[in-house]
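Note that this note's numbering numbers the sequence shown so that position 9 is 140, with each residue one more than the last.
Using N, Cα and C, we set each Cβ at its ideal position, and we do this for glycine too.
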Amino acid sequence: MIYGSVVTQMVRYFVTYKRDSTFLKCLMTYLLIAQTATIVMQCGIIYQPLIVDSKTEADNGVTPKLIPSEAILITLVATPIQLFSGWRISVITGSSVLPGIITLLSLSSFGSGINMAVLVFRHRRYSEFPALTAPAVVWLSLSAACDVVIALGLSHALYTRKQGLLGGIDTHLNRIIRLTLETGSLTAFTALLDVILCTAIPLTSTNFIADLPLSGVYTWSMLAMLNSRPRTIDELDPPTQLRFSQAPSIFRIEQPSFAATSRSSEADSEPPIRMTSNLKDRPKSEPHNAVAVP
132 MIYGSVVTQM VRYFVTYKRD STFLKCLMTY LLIAQTATIV MQCGIIYQPL IVDSKTEADN
192 GVTPKLIPSE AILITLVATP IQLFSGWRIS VITGSSVLPG IITLLSLSSF GSGINMAVLV
252 FRHRRYSEFP ALTAPAVVWL SLSAACDVVI ALGLSHALYT RKQGLLGGID THLNRIIRLT
312 LETGSLTAFT ALLDVILCTA IPLTSTNFIA DLPLSGVYTW SMLAMLNSRP RTIDELDPPT
372 QLRFSQAPSI FRIEQPSFAA TSRSSEADSE PPIRMTSNLK DRPKSEPHNA VAVP
């Protein structure tokens with residue numbers, strides 16, 4: 132079900148946002164391939180004990196051969212999404228402190244995930260899983276902490292820049308803030324649920340209830356954020372000037388001055404769209420109520 136939702140959102144993204152940068156399109160293509168590989172691997176994990184070993188005397192205490200790949204694929208999906216979110220915050224705020232914390236947590240979670248895959252490969256029996264509890268807790272806790280920092284940091288950055296904006300823009304920012312908190316909470320909750328089930332019900336595979344859909348939840352959250360952007364300028368209330376930067380999925384919204392609005396009304400034309408190459412290129416004479424929106 133999650134994979135079907137991811138594919139649907141992915142099709143919508145490529146059809147709607149054709150002007151996004153090549154980098155962002157390549158990232159989304161990579162996530163689609165990684166998510167497809169995850170689904171194939173998960174089917175293999177279920178197929179071995181359910182079909183292959185169902186009529187044999189195989190020891191049910193031995194984990195499926197593809198189990199170690201689960202942790203690897205989750206980290207290969209989650210880490211690029213977390214790093215991209217940290218980069219978005221750096222573009223919006225112009226600061227490197229919070230993005231640096233996000234990068235540190237994300238890379239630490241990546242290393243812990245790879246270590247977890249190696250440990251699972253070396254300990255093939257469910258009876259040995261209690262020894263893996265501590266590495267699993269470290270890995271998933273770091274990932275959940277990174278998601279919480281991203282959600283709170285991005286929401287705060289947008290909230291502090293929305294005051295004084297036009298009604299339509301303010302509504303759009305409120306929707307992005309709400310969606311950021313919801314998706315960040317969802318990924319963090321899924322990772323923490325995996326930890327809770329792993330520690331509370333040991334010697335079973337109950338934790339895979341949260342573990343199997345985890346990479347899909349990360350991909351879905353990324354797509355939900357990208358597909359929430361306005362498709363056209365007309366979706367924002369005029370008079371509004373959009374300044375698109377060359378950075379993927381980032382644009383600035385400015386309210387023109389009263390004089391500029393009057394001139395635009397007299398000329399019976401829409402405010403011009405002025406291209407800029409970077410959010411930091413704003414002249415000193417421009418209004419201060421500019422905001423960067425992912």
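Inter-residue CB distance, residue i and residue j (contact presumed, cutoff 8 Å)
| i | j | result |
| --- | --- | --- |
| residue 354 | residue 134 | At roughly 12 Å, the Cβ-Cβ gap does not stay under 8 Å, so residue 354 and residue 134 are not in contact. |
| residue 348 | residue 321 | 5 Å |
| residue 337 | residue 324 | The pair is not a contact, with the Cβ atoms about 11 Å apart (cut-off 8 Å). |
| residue 270 | residue 243 | 4 Å |
| residue 306 | residue 359 | 6 Å |
| residue 163 | residue 215 | Going by Cβ atoms, the distance from residue 163 to residue 215 rounds to 15 Å, so no, they are not a contact pair. |
Residue range of the unbroken alpha helix (DSSP H) whose run includes residue i
| i | result |
| --- | --- |
| residue 136 | 133 to 147 |
| residue 166 | 153 to 178 |
| residue 347 | 345 to 357 |
| residue 262 | From DSSP, residue 262 is part of no alpha helix (DSSP H); its letter is neither H nor E. |
| residue 220 | 199 to 224 |
| residue 340 | 339 to 342 |
Residues near residue i in its chain [Cβ-Cβ closer than 6 Å; skip 5 each side]
| i | result |
| --- | --- |
| residue 396 | Because the pLDDT at residue 396 is just 43, under 50, the model does not fix this residue reliably, and the value given afterwards should be weighed accordingly. Within the same chain, residue 396 has no close Cβ partners at all. |
| residue 236 | 273, 276 and 277 |
| residue 285 | 220 and 311 |
| residue 261 | 333 |
| residue 251 | 198 and 199 |
| residue 229 | 220 and 284 |
Three-state secondary structure assigned by DSSP to residue i
| i | result |
| --- | --- |
| residue 256 | strand |
| residue 150 | coil |
| residue 386 | A caution first: residue 386 carries a pLDDT of 41, below 50, which makes its placement in the model unreliable, though a value can still be read off. Of the three classes helix, strand and coil, the one that applies to residue 386 here is coil, per DSSP. |
Whole-angstrom distance between residue j and residue i, CA atom to CA atom
| i | j | result |
| --- | --- | --- |
| residue 171 | residue 343 | 12 Å |
| residue 199 | residue 357 | 31 Å |
| residue 314 | residue 178 | 31 Å |
| residue 234 | residue 154 | 19 Å |
| residue 185 | residue 249 | 27 Å |
| residue 141 | residue 217 | 22 Å |
| residue 182 | residue 175 | 10 Å |
| residue 203 | residue 279 | 22 Å |
| residue 109 | residue 339 | Beyond the ends of the chain as shown, which are 132 and 425, falls residue 109; an answer cannot be given. |
| residue 318 | residue 281 | 11 Å |
| residue 238 | residue 161 | 18 Å |
| residue 210 | residue 267 | 16 Å |
| residue 259 | residue 331 | 15 Å |
| residue 168 | residue 205 | 11 Å |
| residue 223 | residue 287 | 11 Å |
| residue 194 | residue 255 | 6 Å |
| residue 147 | residue 139 | 12 Å |
| residue 156 | residue 225 | 24 Å |
| residue 304 | residue 361 | 11 Å |
| residue 289 | residue 152 | 22 Å |
| residue 232 | residue 316 | 18 Å |
| residue 309 | residue 253 | 42 Å |
| residue 212 | residue 335 | 30 Å |
| residue 240 | residue 326 | 14 Å |
Proximal residues to residue i (C-beta, below 8 Å), its chain only, five neighbours per side dropped
| i | result |
| --- | --- |
| residue 166 | 134, 137, 208, 346, 347 and 350 |
| residue 132 | none |
| residue 192 | 256, 257 and 258 |
| residue 247 | 202, 263, 266, 267 and 270 |
| residue 149 | none |
Contact set for residue i: own chain, Cβ-Cβ below 7 Å, skip 5 residues either direction
| i | result |
| --- | --- |
| residue 196 | 179 |
| residue 245 | 203 and 206 |
| residue 173 | 343 |
| residue 380 | Since pLDDT at residue 380 reaches only 42, below the 50 mark, its modelled position is unreliable, and the value read off the structure follows with that caveat. Excluding residues within five positions, the ones whose Cβ falls inside 7 Å are 151, 155, 357, 360 and 425. |
| residue 352 | 314, 317 and 318 |
| residue 341 | 321, 324, 325 and 328 |
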